[in-house]
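In the numbering used here, the protein residues as written are 17 to 240.
Backbone N, C-alpha and C fix where the C-beta goes; we use that ideal spot for every residue, glycine too.
First comes the structure, then the notes that go with it.
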Amino acid sequence: MAKESYAVIGLGQFGISIVNELIALGKDVLAIDNDPDQVKRISDVLPTAFVCDSTDEVALNQVEIRDAEYVVIAYGDNLEATILTTVLLKDMGVKHLIVRVDNPQYINIIKKLGAEEIISPQQAAGIALANRIGNEDYKDFYKLDKKFSIVSIEVNQDFSPRPLQEMNTKNLFGVSLVLVKRENTSFVPSGKDNILPGDNLFVVGTRKEVRAFREALNGKKRIW
Numbered sequence: 017m018a019k020e021s022y023a024v025i026g027l028g029q030f031g032i033s034i035v036n037e038l039i040a041l042g043k044d045v046l047a048i049d050n051d052p053d054q055v056k057r058i059s060d061v062l063p064t065a066f067v068c069d070s071t072d073e074v075a076l077n078q079v080e081i082r083d084a085e086y087v088v089i090a091y092g093d094n095l096e097a098t099i100l101t102t103v104l105l106k107d108m109g110v111k112h113l114i115v116r117v118d119n120p121q122y123i124n125i126i127k128k129l130g131a132e133e134i135i136s137p138q139q140a141a142g143i144a145l146a147n148r149i150g151n152e153d154y155k156d157f158y159k160l161d162k163k164f165s166i167v168s169i170e171v172n173q174d175f176s177p178r179p180l181q182e183m184n185t186k187n188l189f190g191v192s193l194v195l196v197k198r199e200n201t202s203f204v205p206s207g208k209d210n211i212l213p214g215d216n217l218f219v220v221g222t223r224k225e226v227r228a229f230r231e232a233l234n235g236k237k238r239i240w
């Protein structure tokens, strides 16, 4: 495989979603799973999908996985396979290893074994769900790190349209408005663009900053 190629190990729903996105981005992708039925699900669109036991070093060498620049271990529920595969890939010299870990108790262990990045989709989904149901006008919630998040906030229908520069969101609240979704279109707003009722505003900031902006926009402390 060429440099800047990608490998995904474990072709459940999570793994296949990664493969499909990488294909859409035009990347070289190798996909493997030890279940022939899982491999068959993706083989029609990806000729480099193979049945392979990722806990077998010989099998991994046969599919030339060591040549992949990025490898994602996407098993999640198979902790034994995740651990063994992580150790083997680090010993093989894989440069960038990203591992899905569903149980938080094992995150530090997998990191010590050599994973550069840990993905916990269930935890992320739980955090996003709690924030959405706890804030009725939050449409999406993405935690970027311990401090910052991206939140999509729907503008109430009784909001009076006004230019973004007049709202002065960065200076007043510290949030950055990075995207506006309006009906079937999306755009990166400029200061002269009007914010309208029903818009979905994607803002970046700390939880406190986003909450203060949301209150000024739709809540009890409206300023517009």
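Environment of residue 176 [buried if 16+ CB atoms lie within 10 Å]: exposed
Measuring straight from C-alpha to C-alpha, what distance separates residue 111 and residue 86? 7 Å
Am I right that residue 116 and residue 165 are in contact with their C-beta atoms under 8 Å? What's the rounded C-beta distance? In fact, because the Cβ distance is near 21 Å, the residues do not count as touching under 8 Å.
Relative to the ligand MG, is the shortest distance from any of its heavy atoms to the C-beta of residue 180 smaller than 8 Å? For the ligand MG, the structure offers nothing, since it holds no ligand at all.
Can you tell me the Cα-Cα spacing of residue 172 and residue 131, whole angstroms? 43 Å
Rounded separation between residue 210 and residue 201 - CA only: 14 Å
How long is the line joining the alpha carbons of residue 105 and residue 155, rounded to whole angstroms? 39 Å
Mapping DSSP to helix, strand and coil, what is residue 179? strand
Starting from the N-terminal side, write out each stretch of the beta strand (DSSP E) that is 3 residues or longer and does not extend beyond the stretch 95-121. 112-117
I'd like the list of long-range same chain contacts for residue 64, defined as Cβ closer than 6 Å, with 5 residues on each side in sequence excluded. 46
Between residue 229 and residue 196, how many whole angstroms is the CB-CB distance? I'm expecting something under 8 Å. No, residue 229 and residue 196 are not in contact; Cβ-Cβ is about 14 Å, not under 8 Å.
With 16 as the cutoff for other CB atoms within 10 Å, does residue 107 come out buried or exposed? exposed
Going by C-alpha distance, which of 84, 226, 41 is nearest residue 153? 226
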